[in-house]
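Notes follow the structure.
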Amino acid sequence: MSAITGQPVPETGGNGPHWDEICSWRGRCMNLYARSDEIICETLMVAEAAGHEVDLTLPAHEQLGILRDLAEAETGEEGTRSNVVRAIDAWSKMGVRRPFVVHGVITALMQNKERWHARFDSITGSGDSVKIEQWVADKVEAEAFEEVLDAAYTLLSIELEQFQTKFGF
5 MSAITGQPVP
15 ETGGNGPHWD
25 EICSWRGRCM
35 NLYARSDEII
45 CETLMVAEAA
55 GHEVDLTLPA
65 HEQLGILRDL
75 AEAETGEEGT
85 RSNVVRAIDA
95 WSKMGVRRPF
105 VVHGVITALM
115 QNKERWHARF
125 DSITGSGDSV
135 KIEQWVADKV
145 EAEAFEEVLD
155 AAYTLLSIEL
165 EQFQTKFGF
């Protein structure tokens, strides 16, 4: 039984004809999140080597905040700074769905030949502050999310690479 929904947990190997497609979509999204963690951490490591004080032990979303602060504080062309901050802000918005995609339990729901629906159950928090949430997405919504996620990652990686070189990191 699922601790979140009280429903039986699907058998290993998935549930339904679209299970592989749902898992593939999730894997692509997880890859983008992992790659963003890498470029954020890499940028902070370069900043640390350049004399900036950073804490690389923090979770990714907190590292992103540190990176944003560094970008705002750097001197240089205003347009370049604002581009980096804009890219960081765009990526920050993608964090809302991250717990569902990365840590959520997937259940395939209504399905037909053309379209699938999936429910992502997520428990976040710790101690006394536990939050149980669900996100239900159909194939069209999930694919649209992936496109936005990919665009935000691409923008973030380009801007952070430029940030590393233009500001002497």
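Going by this note's numbering, 139 is the number at position 135 of the sequence shown; the sequence numbering is gapless.
Just so you know, even glycine gets a beta-carbon here, dropped at the ideal spot from N, CA and C.
- Taking every protein chain shown into account, the CB of L36 has 16 or more other CB atoms within 10 angstroms, so this residue is buried.
- Only residues of its own chain outside the window of five on either side were considered, and among them I110, A112, W120, A122 have a CB closer than 7 Å to the CB of I26, listed in chain order.
- In terms of Cβ geometry, M49 and V105 do not form a close pair [threshold 8 Å].
- Contact annotation: L68 and I43 have beta-carbon atoms that are not nearer than 8 Å.
- Take H107, set aside five residues on each side of it, and the residues of its chain with a beta-carbon closer than 7 Å to its own are S126, in chain order.
- Under a 10 Å Cβ-count criterion, E137 is classified as exposed, with fewer than 16 other Cβ atoms of the shown protein chains found around its own Cβ.
- The criterion of a C-beta distance shorter than 8 Å is satisfied by R85 and E76.
- Under the DSSP assignment, V100 falls outside any alpha helix (DSSP H); it carries neither an H nor an E label.
- For R119, the secondary structure class from DSSP, reduced to helix, strand or coil, is coil.
- Note that the region 94-101 touches the region 156-167; at least 3 beta-carbon pairs, one per stretch, sit closer than 8 Å.
- If you ignore the 5 residues before and after V134, its C-beta comes within less than 7 Å of the C-beta of I127, all in its own chain and listed in chain order.
- In the DSSP assignment, S126 is bridged to E137.
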